[in-house]
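Enquirer:
Residue numbers (our numbering): 13 to 474.
Below you can see the structure in the form of structure tokens.
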């Protein structure tokens, strides 16, 4: 074989070897990526299972692994990282690692902007997540800016009246509450009703849910008149609807009654909705005794909260008579009457003495008090005694006056009211001081401050 032929032969062999080597390497890489993808799917299933069970700390490891494997398979800037990063940020948020959650959500936002644009609908979730962390840090102004951007993106992509924006309005509400801006907080709650009416139609039953939510908001913030007006609107809708759900209708009657009862001014306005509810139940083809029991219980509690003890006892007796109609009601009735229940609750102040209106609370030191008392068969508190107070004598007299005004639904046994002995309340409070020597200020009022407890903010995971 001449030299030219040899060279050609060697070149062909070399090319063939390189091709085989490349193919083998490519095949090996494909196998490795396939294994990583299978492992990623395994972690994804594990993450979802743990997260759905609210085992957030345990779900952190698979969330991290999913992000790492996604980077290895698809690269650092791949759009496929968006969902894993959102999930990881959500997990950090749920275990209260808010700074780490912020970092991950910001990385997610940068990734979306690189792969898409600054108004991509995918931005809503990480923006929402960042806003939640800002609210947790008390950075309400910053949270509002982020949420406003999320809302604009939502409107551009989904229209002005889409229901996906509801959670953004809820978080904006919390931000404005943090700023003590009730007007704007109200707007972001009431606008949700407008959204529902536009999206579903004014008469659609889905609108009822947004009205109920708005009523709860007004109740939470002490806007009793506004709350009552929403209950009236809801009642009008339910009463005129063919085939109305009786349980929902009764709940509205009860809420309307309670909005009057909270004011403690008008007995008729407080009891009349409950009597109408009882009439509606009795008109059913087969009256729902469980619903009737709940309404009777509320009616008795309303009477006793107004001091109409004999009227309350008659209604409570009607509750027990339901057992004669259906023996299966016995367990529920006995359970609800097994111990005294507060029906007029007055809170001991969380800060005492209270400052004059418009004055800051100022410096405080911690205090505590523990009180024993009994409840008689009329639901009145008796034998009130301070058993421990630290410091002694600061809030004692005021606390006794408050417990004396509390009214209970008394315990019942076999339709007979029973006294209850040995009830106790322990209360932690802040003592307002006037100077560095902790001299106590004189009491300036006896109104109470009631803290509002709210449900956790929505989880940003999608």
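For every residue, glycine included, the Cβ atom is placed at its ideal position computed from N, Cα and C.
Under 7 Å Cβ to Cβ from residue 430, same chain only, skipping five residues before and after it: list those, please.
Expert: Excluding residues within five positions, the ones whose Cβ falls inside 7 Å are 389, 422, 423, 424.
Enquirer: Does residue 235 come out as helix, strand or coil in the three-state DSSP assignment?
Expert: coil
Enquirer: Is it true that the CB of residue 101 sits closer than 8 Å to the CB of residue 138?
Expert: yes
Enquirer: Would residue 266 and residue 313 be called neighbours here (beta carbons separated by less than 8 Å)?
Expert: no
Enquirer: Given a threshold of 16 other Cβ atoms within 10 Å of its Cβ, counted over all protein chains shown, does residue 298 qualify as buried or as exposed?
Expert: exposed
Enquirer: Since residue 356 and residue 418 are thought to touch, with beta carbons under 8 Å apart, how far apart are those beta carbons, to the nearest angstrom?
Expert: 6 Å
Enquirer: Would you tell me roughly how many angstroms separate the C-alpha atoms of residue 75 and residue 195, rounded to the nearest one?
Expert: The alpha-carbon atoms of residue 75 and residue 195 are separated by roughly 40 Å.
Enquirer: Are residue 373 and residue 367 closer than 8 Å when you measure CB to CB?
Expert: yes
Enquirer: Nearest to residue 99 by alpha carbon, out of 65, 116, 238?
Expert: 116
Enquirer: With DSSP as the reference, identify every bridge partner of residue 429, one or two as the case may be.
Expert: DSSP lists 424 as the bridge partner or partners of residue 429.
Enquirer: Check whether the Cβ atoms of residue 93 and residue 79 lie closer than 8 Å to each other.
Expert: With a cutoff of 8 Å on beta-carbon distance, residue 93 and residue 79 are scored as near each other.
Enquirer: Going by the DSSP bridge assignment, what does residue 379 pair with across the sheet?
Expert: Residue 379 is bridged to 441.
Enquirer: Quick one: using the 10 Å Cβ neighbour count with 16 as the cut-off for buried, is residue 259 buried or exposed?
Expert: Residue 259 should be labelled exposed.
Enquirer: Using a Cβ distance threshold of 8 Å, determine whether the segment 242 to 262 contacts the segment 272 to 284, with at least three qualifying pairs required.
Expert: no
Enquirer: Quickly, what does DSSP pair residue 393 with across the bridge? List them, please.
Expert: 387
Enquirer: Could you name the residues of the same chain whose beta carbon sits closer than 7 Å to that of residue 148, not counting the 5 residues immediately before and after it, in chain order?
Expert: 110
Enquirer: Counting C-beta neighbours from all protein chains within 10 Å, is the total for residue 440 16 or more, i.e. buried, or is it exposed?
Expert: exposed
Enquirer: Our contact map puts residue 107 next to residue 146 with C-beta atoms below 8 Å; I'd like the distance itself, whole angstroms only.
Expert: About 18 Å separates the two Cβ atoms, so there is no contact after all.
Enquirer: Can residue 184 and residue 200 be called in contact, C-beta distance under 8 Å?
Expert: Between residue 184 and residue 200, the gap from beta carbon to beta carbon is short of 8 Å.
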